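Worksheet for the structure shown next.
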Amino acid sequence: MLRALKEDFFLTLTSLKNQFWVYIGTGILIQTLVAYLVKGILSFIFRRILILSNTPAVTKDNWTLLFNHPLALLLFILYIVILIGFIYTEFAIYTIAILKTEFSLSIKKWLTIFPKKIKSLLGPQLIWVSIYLLLTIPLANLGLRSSILEHLKIPDFISGELTKTVFGKIGYSTLLLLICYLNLRLIYFLPLTILTDYNAKEALLESWKLSRGKHQWRLLSKIILTSLFISVIGTVALAVVAGTSSFIDHSGNNFPLQATFYNLLKSILFAVTLLIKCLIISHLLADIKQNKSIVQQWRAWKGVQHKQKFKHIACVILALAIGTTALKNAIALALLQDNISIKKELIAHRGDTSHGVENSIEALKAAHKAKADYSEMDVIMTKDHKLVVIHDDNLKRLSGMNKDVSKLTLDQVTKIPIHQGRFASHIPSFAEFMKTAQSLDQKIMIELKPYNQNLDIYADEFIKEFKELRLSTKHKVMSLNLTLIEKVEKKLPQLDTGYLIPLHWGTLQNHNVDFYGIEEFSYNDWIAYLAQEYNKQLYVWTINRDNLMIRYLQSPVNGIITDELNLFKVINKDIKNSPNYYQRALQLIDSEG
1 MLRALKEDFF
11 LTLTSLKNQF
21 WVYIGTGILI
31 QTLVAYLVKG
41 ILSFIFRRIL
51 ILSNTPAVTK
61 DNWTLLFNHP
71 LALLLFILYI
81 VILIGFIYTE
91 FAIYTIAILK
101 TEFSLSIKKW
111 LTIFPKKIKS
121 LLGPQLIWVS
131 IYLLLTIPLA
141 NLGLRSSILE
151 HLKIPDFISG
161 ELTKTVFGKI
171 GYSTLLLLIC
181 YLNLRLIYFL
191 PLTILTDYNA
201 KEALLESWKL
211 SRGKHQWRLL
221 SKIILTSLFI
231 SVIGTVALAV
241 VAGTSSFIDH
251 SGNNFPLQAT
261 FYNLLKSILF
271 AVTLLIKCLI
281 ISHLLADIKQ
291 NKSIVQQWRA
301 WKGVQHKQKF
311 KHIACVILAL
321 AIGTTALKNA
331 IALALLQDNI
341 SIKKELIAHR
351 GDTSHGVENS
361 IEALKAAHKA
371 KADYSEMDVI
381 MTKDHKLVVI
391 HDDNLKRLSG
401 MNKDVSKLTL
411 DQVTKIPIHQ
421 GRFASHIPSF
431 AEFMKTAQSL
441 DQKIMIELKP
451 YNQNLDIYAD
461 EFIKEFKELR
471 LSTKHKVMSL
481 NLTLIEKVEK
491 KLPQLDTGYL
501 IPLHWGTLQN
511 HNVDFYGIEE
521 FSYNDWIAYL
531 AQEYNKQLYV
541 WTINRDNLMI
551 RYLQSPVNGI
561 ITDELNLFKV
571 INKDIKNSPN
581 YYQRALQLID
591 SEG
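If you're matching positions, the sequence shown starts at 1 in the UniProt record's numbering and goes up one per residue.
See below:
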């Protein structure tokens, strides 16, 4: 085994030495195509789909509209075809670029069979392609994710909820391990579809055969070894560049120098990701080359290479891409102060759950002690139309009882003990919770959760209790249900109301609310810009990881909903105490971790 690992290591070194600039040049070309061509085409088609569907955006509530208009449905299918076509083309370019030096392959000849290749992946075969792509989402396909899908992931609000219990953590971890195993077994899929006449199903089956037995463990060791080796080199390069920049510019305020420094850091990160991808593809091709019949197929692609002409075109494209990217990075660094200057409010997600059961009185008091700007909580209506503070309608997760809050009375619900980790408490009524908040002078962000209940009754009951308790309008109220929150806004306009958006593709509508809460998965700068144009606040949830916390504390959002209150305070303090461009550049890099 050690001998095999040694051979793989030297193969990696040889491949890196011989094809370093091939990898880098190909990667920049792919990124340029993604940024300036593919994304533009896909965005154009998506906007046409929205127009035909008579909606400005796709959300969890209206996604079925995409299938109501025949032309919109056809465009959606075209969108999928173009997406698959690009993913296929991207890996074809990498594959041919890597093999060209050994086999003198002609890209022009390969392009003549491209339509046939794409056709073999569509129709009934589209099911198998879709299964493969879905398997790549959670794990980035062991380093082989397409550039166009690099930000696609399981939303944190889904994975976060799944892992709130021990059983959920075990189940989710088991699922990820299974997906990791399937990714490993199907890792030859794309190279096989590119280099052979296999259709999608045949390529999946052949990949399964190639990766069986001891071979799969050697393949996994290659991937791990390659990733570690390149990551170590990248880390050393980052440290050298950071140290050099700090030595040359002690103040860290020389903008041209620090912009160059930031671009170098970004380039190193790009190179690390790219080299890992290319070296893994190189390893896969080395394995596939053992099959003589496959090698014979791609020998047919040999042709005359117009190297000089191609090099001139490639150099122009690379120069434009590098220059444009460098300018964009410099502008991002220069404008960062504008985003940092926006005060970010700290919202404790269901209270401070490090000191009490979520949504409990104890968690509320802990959030106040932690100096949260708001303590967020969830409200459900009981069978007798009273409000209680709890997140799930079903009580099993916190109490072990398989009963629904909406089917019990207020008296029954408030007597049920709840447990979470080492903490125990009870389910508070809305009145008890808000009276405690009033006594603490703690602002509350109230989420209304109507579980298939009458929205008019729910809205009236909330407004009735809000008025009876004489609550301050400094509190905020929000909901995932737009109809409900607009009813509250209409009947209680002096209260700040917000619409929560878990999944969103498209433009942000100007709804009759005062603020938006958007899940991190769906956030983008365009949504932030529109919120500012509408003169509405924007909050993002649920941010618990270091890199995401850094990213959103440097974004134009107004507040962050988080379970990690101390993390927010530590990072926010660091950002506020980073007066120079050098430190800001490092923070921008950290946010991409």
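All C-beta atoms, glycine included, are put in the ideal place defined by N, C-alpha and C. Treat the numbers as computed from the prediction; the structure is a model and nothing was measured.
- For residue 241, the enclosing alpha helix (DSSP H) starts and ends at 214-248.
- Secondary structure at residue 272: helix, using DSSP grouped into helix, strand and coil.
- In this structure, the beta-carbon distance from residue 374 to residue 478 does not fall below 8 Å.
- Residue 198 has its alpha-carbon roughly 53 Å from the corresponding atom of residue 537.
- Taking 8 Å as the cut-off, the beta carbon of residue 46 is found no closer than this to the beta carbon of residue 94.
- Closest in C-alpha terms to residue 61, from the list 524, 592 and 500, comes 500.
- If you check the CB distance, residue 428 and residue 527 do not come in under 8 Å.
- With distances taken between CA atoms, residue 455 lies nearest to 485 out of 318, 485, 578 and 11.
- Residue range 189-195 is occupied by the alpha helix (DSSP H) that includes residue 191, with no beta strand (DSSP E) assigned at that position.
- Across the structure, residue 149 and residue 137 are spaced so that their CA atoms are roughly 8 Å apart.
- Inter-segment contact for the segment 214-234 and the segment 119-129 is absent: fewer than three beta-carbon pairs are separated by less than 8 Å.
- Residue 380 is bridged by DSSP to 388.
- Counting along the chain, the unbroken alpha helix (DSSP H) around residue 115 starts and ends at 114-120.
- Residue 132 and residue 186 have their C-alpha atoms roughly 8 Å apart.
- Residue 560 has 346 and 540 as its beta-bridge partners, per DSSP.
- DSSP, read as helix, strand or coil, puts residue 416 in coil.
- For the pair residue 23 and residue 275, the CB atoms are nearer than the 8 Å cut-off.
- At a Cβ-Cβ threshold of 8 Å, residue 447 and residue 157 do not count as neighbours.
- For residue 358, same chain residues with a beta-carbon under 7 Å away, outside a window of 5 residues either side, are 350, 351, 391 and 420 in chain order.
- If you look at residue 168, you'll find it in the alpha helix (DSSP H) that goes 166-185.
- 425 is the residue among 425, 418 and 345 whose C-alpha sits nearest the C-alpha of residue 365.
- The residue from 295, 369, 247 and 326 with its alpha-carbon nearest to that of residue 264 is 326.
- Cα atoms of residue 262 and residue 330: separation of roughly 8 Å, rounded to the nearest angstrom.
- In the three-state scheme derived from DSSP, where H, G and I count as helix and E and B as strand, residue 460 is classed as helix.
- Comparing C-alpha distances from residue 335 to each of 255, 354 and 247 shows the shortest one belongs to 255.
- Sixteen is the threshold: when 16 or more other Cβ atoms of the shown chains lie within 10 Å of the Cβ of residue 450, as they do, the residue is buried.
- Sorting 318, 253, 290 and 240 by C-alpha distance to the C-alpha of residue 27 places 318 at the top.
- Proximity to residue 383 across 50, 393 and 473 peaks at 393, based on C-alpha coordinates.
- Between residue 49 and residue 82, the gap from beta carbon to beta carbon reaches 8 Å or more.
- Burial is judged here by how many other beta carbons sit within 10 angstroms of a residue's own beta carbon; residue 483 has fewer than 16 and is exposed.
- Scanning its chain for C-beta atoms nearer than 7 Å, with the 5 sequence neighbours on each side dropped, one finds around residue 145 the residues 136, in chain order.
- In the three-state reduction of the DSSP assignment, residue 393 falls in the coil class.
- Here residue 514 is buried: its Cβ has 16 or more other Cβ atoms, across all protein chains shown, within 10 Å.
- One alpha carbon belongs to residue 165, the other to residue 397, and they sit about 7 Å apart.
- Excluding its 5 nearest sequence neighbours in each direction, residue 473 has C-beta neighbours in its own chain below 6 Å: 494 and 495, listed in chain order.
- DSSP links residue 511 through a beta bridge to no other residue.
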